[in-house]
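*Asks:* Got a structure for you, questions after.
Numbering (our numbering), first residue to last: 2 to 329.
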């Protein structure tokens, strides 16, 4: 039985018990579809901090329209309090399914319990939460961020296996407390531990933003004159860092090896041009998979607790080959 149908029945029974009379037919006060049969999906997006996020938003909006799902979209502008407010609004509107990409990992249990108590299934997209109660959401759809960081680190270990002296690395982290920042840092650190010459000399958040990436890289360059490698948690921060590196009189991709994550078009172009050296992909095109999941959880079907997107890695030649058909 669908969750929407279940909510309708529960509400109708409550009306019978309280009013002592038959409840009126229809689900305008219970379901969220307004009676037209459409699934209503409330989605709270992190923001528009990067090219990746913009492509992710476009994918979700286009997929919802194609699937015949009514989308109530909210932009949290990278603030957790905005997302919590949006989720509560979705609950009040009695949408059929709630999905969101959490700004940070912690602090969601209360609002997720409110959604659960209202009988509204929740899907996490792109980013996970650290709640111990896994019943508060139906599934997580997204990437393995630890794996992305590990792939970046393993490539660097392979490239520096003959190094006899120290290899100084600076790290541009994503938004503090977010799942991709935490996990990519963890995966990268675990991988480079295989080569004792690899040393992270500075690590700071650039908030996944191009402008912040530039600003933090400028600070890195002033404090650490001998930087060999930059590991950026996303392309946008890496692209900002390019400007700082060039302004400092260094050649990106040669004087400083640059490794990033995402593989958006601008990043792939920088890789094809030799300004970046390696990118681990993180696909933003989650829309179609999200709509299929929304239909399944609304129908009360069981879904896997975690669904990963298929991704790859790119070197310069692979980026050149992939660019002509790149969708984002």
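Ideal Cβ placement from N, Cα and C applies to all residues, glycine included.
1. So, residue 178 versus residue 105, is the Cβ gap smaller than 7 Å?
2. Which runs of the beta strand (DSSP E) at least 3 residues long sit entirely within the segment 186 to 235? Give them in chain order.
3. Does DSSP put residue 282 in a helix, in a strand, or in coil?
4. Determine, using beta-carbon pairs with one atom in the segment 231 to 251 and one in the segment 175 to 195, whether at least three such pairs fall under 8 Å.
5. In chain order, what residues of the same chain have a beta carbon less than 7 Å from the beta carbon of residue 2, not counting five sequence neighbours either side?
6. Below 8 Å on the Cβ atoms is my contact criterion, and I expect residue 115 with residue 89 to pass it. Report the Cβ-Cβ distance as a whole number of Å.
7. Just list the residues that DSSP pairs residue 1 with in beta bridges.
8. For residue 50, count the other beta carbons within 10 Å of its own beta carbon; 16 or more makes it buried, fewer makes it exposed. Which is it?
9. Would you mind stating whether residue 278 and residue 258 have Cβ atoms separated by less than 7 Å?
10. Sort 197, 212, 159, 141 by Cα distance to residue 175 and report the nearest one.
11. I'd like the ranges of any beta strand (DSSP E) spanning at least 3 consecutive residues and lying wholly in the segment 114 to 165.
12. Write down every uninterrupted run of the beta strand (DSSP E) in the segment 51 to 105 whose length is 3 residues or greater and which is fully enclosed by it, in chain order.
13. Is residue 239 helix, strand or coil by DSSP?
14. What do you get for residue 58, buried or exposed, if any count of 16 or more other CB atoms within 10 angstroms of its CB means buried?
15. Between 132, 108, 265, 125, which has its C-alpha nearest residue 308's C-alpha?
16. Return the first residue and the last residue of the beta strand (DSSP E) that residue 172 is part of.
17. Could you tell me whether the Cβ atoms of residue 313 and residue 282 are closer together than 7 Å?
18. Hey, is the segment 156 to 163 in contact with the segment 191 to 210, meaning 3+ C-beta pairs nearer than 8 Å?
19. Compute the beta-carbon to beta-carbon distance between residue 130 and residue 99, rounded to the nearest angstrom, for a pair I have assumed lies under 8 Å.
20. Of all the options 164, 56, 228, which has the alpha carbon lying nearest to the alpha carbon of residue 170?
21. Judging by CA-CA distance, which residue of 55, 71, 48, 67 is the nearest neighbour of residue 42?
22. Opposite residue 315 in the DSSP bridges: which residues?
23. Based on the DSSP secondary-structure assignment, which residues constitute the bridge partners of residue 262?
24. Thinking just about the alpha-carbon of each residue, which of 289, 60, 266, 271 is nearest to the one in residue 244?
25. Around the C-beta of residue 288, are 16 or more other C-beta atoms found within 10 angstroms, so that it is buried, or is it exposed?
26. So, is residue 223 buried or exposed, given that buried needs 16 or more other C-beta atoms within 10 angstroms?
*Replies:* To lay it out plainly:
1. In this structure, residue 178 lies near residue 105, with their beta-carbon atoms less than 7 Å apart.
2. The qualifying runs are 199 to 206, 230 to 233.
3. Strand.
4. By the C-beta criterion, the segment 231 to 251 is judged to be in contact with the segment 175 to 195, since at least 3 inter-stretch pairs fall below 8 Å.
5. Its pLDDT being 49, under 50, residue 2 is placed unreliably in this model, and the value from its coordinates should be taken loosely. Sequence-distant Cβ neighbours of residue 2 in its own chain, meaning closer than 7 Å and more than five residues away, are 301.
6. Indeed, because the Cβ distance is near 7 Å, the residues count as touching under 8 Å.
7. Since the displayed the chain opens at 2 and closes at 329, residue 1 lies outside it and no answer follows.
8. When all chains shown are included, residue 50 counts as buried.
9. The Cβ atoms of residue 278 and residue 258 sit closer than 7 Å to each other.
10. Closest by alpha carbon: 212.
11. Those beta strand (DSSP E) runs which fall completely within the segment 114 to 165 and span 3+ residues are 123 to 126, 140 to 143.
12. Counting only runs of 3 or more, we get 71 to 76, 98 to 101.
13. Annotated three-state conformation of residue 239 is helix, per DSSP.
14. Residue 58 counts as buried, since no fewer than 16 other beta carbons sit within 10 angstroms of its beta carbon.
15. Measuring from the Cα of residue 308, the nearest candidate turns out to be 125.
16. Note, residue 172: beta strand (DSSP E), 168 to 174.
17. Yes, Cβ-Cβ distance for residue 313 and residue 282 is below 7 Å.
18. Yes: at least three Cβ pairs fall under 8 Å.
19. Rounded to whole angstroms, the Cβ separation of residue 130 and residue 99 is 13 Å, and the two are not in contact under 8 Å.
20. Distances from the alpha-carbon of residue 170 to those of 164, 56, 228 put 228 closest.
21. For the residues 55, 71, 48, 67, the minimum Cα distance to residue 42 belongs to 71.
22. Partner(s): 280.
23. The partner list for residue 262 (beta bridge, DSSP) reads 281.
24. Its Cα nearest to that of residue 244, the residue 271 stands out among 289, 60, 266, 271.
25. Residue 288 is classed as buried because its beta carbon has at least 16 other beta carbons within 10 Å across all chains shown.
26. Classification of residue 223: exposed, given that the 10 Å Cβ count is below 16.
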